[in-house]
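In the working numbering, the protein residues as written are 122 to 372.
Each remark here refers to the structure printed beneath this line.
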Amino acid sequence: MSIKRYIPNFVTLLNLFCGSIAVVFAVHNNFVASAIFVFLGIFFDFFDGLLARKLNVQSELGVQLDSLADMVTSGLVPGIVMYKLISISIDAPEVVLKQEWNSDFHFSTLHIEPIALVGLFITLASAYRLAKFNIDEDQQTYFKGLPTPANTLLIISLPLIIEFQNSAIFNSLISNQWFLIGLTIVSCYLLNSKIKLFALKFKNFSFSDNKFRYTLIVLSIILMIGFHFIAIPLIIILYIVLSVIKNATTK
Numbered sequence: 122m123s124i125k126r127y128i129p130n131f132v133t134l135l136n137l138f139c140g141s142i143a144v145v146f147a148v149h150n151n152f153v154a155s156a157i158f159v160f161l162g163i164f165f166d167f168f169d170g171l172l173a174r175k176l177n178v179q180s181e182l183g184v185q186l187d188s189l190a191d192m193v194t195s196g197l198v199p200g201i202v203m204y205k206l207i208s209i210s211i212d213a214p215e216v217v218l219k220q221e222w223n224s225d226f227h228f229s230t231l232h233i234e235p236i237a238l239v240g241l242f243i244t245l246a247s248a249y250r251l252a253k254f255n256i257d258e259d260q261q262t263y264f265k266g267l268p269t270p271a272n273t274l275l276i277i278s279l280p281l282i283i284e285f286q287n288s289a290i291f292n293s294l295i296s297n298q299w300f301l302i303g304l305t306i307v308s309c310y311l312l313n314s315k316i317k318l319f320a321l322k323f324k325n326f327s328f329s330d331n332k333f334r335y336t337l338i339v340l341s342i343i344l345m346i347g348f349h350f351i352a353i354p355l356i357i358i359l360y361i362v363l364s365v366i367k368n369a370t371t372k
């Protein structure tokens, strides 16, 4: 039995492993470390499918495993991050007070702000989007709705902007609970919308066949150089706009 058939699945499990670590850091409000492992997870998520195609070992098991890994890295993590950001924006206390291992648990020590739970809607919307993707045979050259990794990059960029950009305007915006709740609603909609977004897979490298992909890549590099982490939301918006233009011009 050839060992190469297991290589893509191993890479997928690395995605899941990184996502699990990202969850731990996000729960403890260490958003920078969480983001690092999310980036690693998305990196592995990109290459597992590529390896499966190159090695010609695609399987139904790989497809299901990939979605399960994405559910953690690109579903659970952004939901927790948004939950924590909303909690911080309203000065909510920690979810559970520190307890000794053998201490009795009392519900009086459990503090959850109901409004902050809205952030977890991103996790629900991601699960629904991944389930739909698994049974949709049309999404080979394009996506219906925003892919979960792209949405995760959007959400995880928020604490990074606060941490590294030091912009009073953006800090104030991201610290506003109503902005965060509104973004959560937009995020859930985009994940499950019917907007066709082009995939970044290259069948060839000709400019005429890939002009929108090349445009996105070049402009993304320029935005990252000029705006750093603030560029991530701008790139997501650019991706959606270019996809709408592509849909309108290729009908």
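Beta carbons are placed, not taken as given, at the ideal position from N, Cα and C, and that holds for glycine.
Since the structure is predicted, the reported quantities are computational estimates derived from the model, not experimental observations.
(message) Can you tell me whether residue 175 is helix, strand or coil according to DSSP?
(response) helix
(message) Less than 8 Å between C-beta atoms, sequence neighbours within five positions excluded: which residues of the same chain meet that for residue 309?
(response) 242, 243, 245 and 246
(request) Report the option in 148, 127 and 198 whose CA atom is closest to the CA atom of residue 272. (result) 198
(request) For the alpha helix (DSSP H) containing residue 328, list its first residue and its last residue. (result) 328–348
(request) Work out the CA separation of residue 249 and residue 264 for me, nearest whole Å. (result) 14 Å
(request) Could you tell me how far apart the beta carbons of residue 236 and residue 207 are, in whole angstroms, since I believe they sit closer than 8 Å? (result) 7 Å
(message) On the DSSP letters alone, give me the boundaries of the alpha helix (DSSP H) that residue 310 sits inside.
(response) Secondary structure note for residue 310: its alpha helix (DSSP H) is the uninterrupted segment 298–312.
(request) Within its chain, find whatever has a CB closer than 7 Å to the CB of residue 314; leave out the 5 residues flanking it on each side and keep chain order. (result) Here the set comprises 266.
(message) For residue 317, list the residues DSSP reports as bridge partners.
(response) 265
(request) Kindly indicate which three-state DSSP category residue 185 falls into: helix, strand or coil? (result) helix
(request) Hey, could you find the ends of the alpha helix (DSSP H) residue 250 is sitting in? (result) 242–256
(request) Measure the alpha-carbon distance for residue 126 versus residue 366 and round it to whole angstroms. (result) 39 Å
(message) With three or more beta-carbon pairs closer than 8 Å as the criterion, would you say the stretch 352–370 touches the stretch 316–335?
(response) Flag = yes, the stretch 352–370 and the stretch 316–335 touch.
(message) With a threshold of 6 Å on Cβ separation, who are the neighbours of residue 295 within its own chain once the five nearest residues in sequence on each side are excluded?
(response) 279 and 283
(request) Would you decide whether residue 131 is buried or exposed? Buried here means 16 or more other CB atoms lie within 10 Å of its CB. (result) exposed
(message) Quick check on this structure: which residue in 274, 287, 370 and 350 has the alpha carbon closest to the alpha carbon of residue 161?
(response) 274
(request) Measure how close the beta-carbons of residue 180 and residue 251 come, nearest whole angstrom, since I'm counting them as under 8 Å. (result) Not really, about 18 Å apart at Cβ, beyond 8 Å.
(message) Quick check: what's the CA-CA separation for residue 128 versus residue 167?
(response) 14 Å
(message) Rounding to the nearest angstrom, what Cα-Cα distance links residue 217 and residue 352 in this structure?
(response) Note that residue 217 scores a pLDDT of 49, beneath 50, so its modelled location is shaky; the value from the coordinates is reported in the next line. Rounded to the nearest angstrom, the two C-alpha atoms are 35 Å apart.
(request) Take the Cβ of residue 330 as the centre, count every other Cβ of all protein chains shown within 10 Å, and call the residue buried at 16 or more, exposed below. (result) exposed
(request) With a threshold of 16 other CB atoms inside 10 Å of the CB of residue 288, please say whether the residue is buried or exposed. (result) exposed
(request) Enumerate in chain order the residues of its own chain whose CB-to-CB distance from residue 348 is below 8 Å, with the five nearest sequence positions on each side excluded. (result) 355
(request) Look at the Cβ atom of residue 239, then the Cβ atom of residue 203, and state whether they are nearer than 9 Å. (result) yes
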